[in-house]
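According to our numbering, the residues represented by the sequence shown are -12 to 226, in order.
For each residue, glycine too, the CB sits at the ideal point set by N, CA and C.
Just so we're clear, the structure is a prediction, and the values are computed from it rather than from any experiment.
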Amino acid sequence: MVASLIAFAALTQRAFDLYSYGPYESRVPRPESVLGYEIGTKHSTFRDQERYIQAAVAAAPDRVQIREYGTSTEGRPLKVLIIGSKANMARLTEIEKQHEALAAGKGDPKNTVPILWINECIHGDETASFEAGMVSLYTLLASENPAIKEALDKCLVILNPVYNPDGHERYVVYYNAVAVGSPEPEAFERGGPNVMYGRVNHYRFDMNRDRVAFSQKETQAEYPTMLKWAPQVYIDQHG
């Protein structure tokens, strides 16, 4: 029994290689080179993520565009990153019009590329998705791996790097400031006091329950952009 538990612990704590889709273009900086620490060793703040996004976009402007679609309740900018191959980004306006036509029941889907939408961190205290957004951006912009290049030739990726910046910031500022002794996800000390509860937004509303009522500013802001592009695939990253 003990041996089984030890073996299970060893397997579940195995290091994961975030950069396994090489080779990579040297012009695009890795998150660590901008942030000054390895992804996963601490919680990145909203400003940390902003710094990396700006650096990555500046390094590969022919592969990505930033589109701001609103602000959070506390005034943080909400944005999506539109990522594709050089060829698809060069005709982005055409692709955008084609998808508007498809959303209106017109046009031929064979004449355009599908849209893959990736949404990160709708629950602010599920911080793995926030960090993953930066790694995903790097991979999509820098990887020369045949599988990644083929995927970007065949589709556009729209990445929302943080859906709930207010809840995330509240949680990570608390977490980074408090010594946490246990690495266990369910340890009491990891949750923090209720006033710091990061799952929810500024008004303590769970926005993962707001797709019908559209009662929150962040949900209201995102919807027109998502409806305009009408993505064929929508991935909502938690964790």
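*What whole-angstrom Cβ distance do V51 and L79 have, given they're in contact under 8 Å?*
Taking a contact as a CB-CB distance under 8 Å, the pair V51 and L79 does not count as one, their CB atoms being some 10 Å apart.
*Could you tell me whether the Cβ of I109 comes closer than 7 Å to any Cβ of chain C?*
Any reference to chain C falls outside this structure, which holds one protein chain only.
*Does the distance from the C-beta atom of L127 to that of I70 stay below 7 Å?*
The answer is yes: Cβ separation under 7 Å.
*Spell out a yes or no on whether the segment 204 to 222 and the segment 89 to 108 are touching, meaning 3 or more CB-CB pairs, one atom from each, closer than 8 Å.*
Contact between the segment 204 to 222 and the segment 89 to 108 is present, because at least three Cβ pairs lie under 8 Å.
*Counting pairs of beta carbons, one from the segment 127 to 140 and one from the segment 38 to 51, are three or more of them closer than 8 Å?*
When Cβ pairs closer than 8 Å are counted between the two stretches, the segment 127 to 140 is seen to touch the segment 38 to 51, the count reaching three or more.
*asked:* Using the three-state DSSP reduction, which class does S130 fall into: helix, strand or coil?
replied: S130 carries a strand assignment under DSSP once its states are collapsed to helix, strand and coil.
*asked:* Does the segment 31 to 43 come into contact with the segment 187 to 196, if we say contact requires no fewer than three beta-carbon pairs (one atom in each stretch) closer than 8 Å?
replied: The answer is no - the segment 187 to 196 does not touch the segment 31 to 43, with fewer than three Cβ pairs under 8 Å.
*Go ahead and pull the three-state DSSP assignment for L146.*
The answer is strand: DSSP assigns L146 an E or B state.
*Exposed or buried, V15, counting other C-beta atoms within 10 Å across all chains shown (16 or more means buried)?*
Result: buried.
*Would you kindly work out how many angstroms separate the C-alpha atoms of N151 and V160, rounded to a whole number?*
Whole-angstrom Cα-Cα distance: 14 Å.
*In angstroms with no decimal places, state the Cα-to-Cα distance between H86 and P133.*
Distance between the alpha carbons of H86 and P133: 26 Å.
*Within this structure, are the beta carbons of Y158 and G185 separated by less than 7 Å?*
In this structure, the beta-carbon distance from Y158 to G185 falls below 7 Å.
_L68 - partner residues in DSSP beta bridges_ = DSSP links L68 through a beta bridge to I53 and L146.
*Please name the residue, chosen from Y6, E12, M121 and K73, that lies closest to D140 on a Cα-to-Cα basis.*
Looking at Y6, E12, M121 and K73, the one whose alpha-carbon comes closest to that of D140 is K73.
_Rounded to whole angstroms, what is the Cα-Cα separation between G226 and I26?_
Going by the C-alpha atoms only, they are around 15 Å apart.
_With H, G and I counted as helix, E and B as strand and the rest as coil, what does DSSP make of I277?_
This structure cannot settle anything about residue 277, because the visible part of the chain is limited to -12 through 226.
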